[in-house]
Amino acid sequence: MYNAMKCSSGHLRLEPAGDFYAFFTGDSFFITCIPDPSSGATRLTWQTPNGRDITHTRGRVHVEPSAHNILGLELVVEEVRYKDQGTFTCSAVVDGRETTIKFNLKVYVETLFEFLMSSNWQNLGSQY
1 MYNAMKCSSG HLRLEPAGDF YAFFTGDSFF ITCIPDPSSG ATRLTWQTPN GRDITHTRGR
61 VHVEPSAHNI LGLELVVEEV RYKDQGTFTC SAVVDGRETT IKFNLKVYVE TLFEFLMSSN
121 WQNLGSQY
């Protein structure tokens, strides 16, 4: 996994902190969206890259309450697929207005990566 820079919208933050994550196909991960305790945030939700609310509490891609923060909502992705990549959005209502925080998911196809690395090492070794 790779993530970069701390990410916060003022009222919402992501844990682990970041706005970019990269995984190989088949990996599993979760990202927690946490509202500022003093914000009074309500209606915490996650949306897919195509803008659909994720409401399932079971399945390969689902949400569940955070085990580590009573205010948080975890986005859980099991066995990530190439088609999962894109920008995920966590949103909440604060003072009657929607606030959001986003991260970009990049998915690498593991078998292709392994093939390219193997081919490159073989080619490198044959030059000497």
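Using UniProt numbering, you'd call the opening residue of the sequence shown number 1 and step up by one each time.
Ideal Cβ placement from N, Cα and C applies to all residues, glycine included.
Under 8 Å, do V93 and F29 count as touching if we go by C-beta distance? Not closer than 8 Å, so no.
List in chain order: all unbroken beta strand (DSSP E) runs of 3+ residues lying wholly within the region 50-125. 61-65, 73-77, 86-94, 97-108
Using 8 Å for Cβ pairs, my map puts E15 next to T32. What's the rounded Cβ distance? 5 Å
Candidates S39, F24, G18, of which the one nearest residue 129 by Cα: Residue numbering for the chain in the displayed model covers 1 to 128; residue 129 lies beyond these limits and cannot be assessed.
Per-residue DSSP class, three states only, for T48: coil
Between F88 and T111, what straight-line distance do the alpha-carbon atoms span, to the nearest angstrom? Going by the C-alpha atoms only, they are around 25 Å apart.
Applying the 10 Å Cβ sphere with the 16-neighbour rule, what's the burial state of H68? exposed
Could you tell me if G72 is buried or exposed, where buried requires 16 or more neighbouring beta carbons within 10 angstroms of its beta carbon? buried
From R60 to R13, what distance separates their C-alpha atoms? Rounded to whole angstroms, the gap between the alpha carbons of R60 and R13 is 23 Å.
What's the call for I70, buried or exposed, on a 16-neighbour Cβ count within 10 Å? exposed
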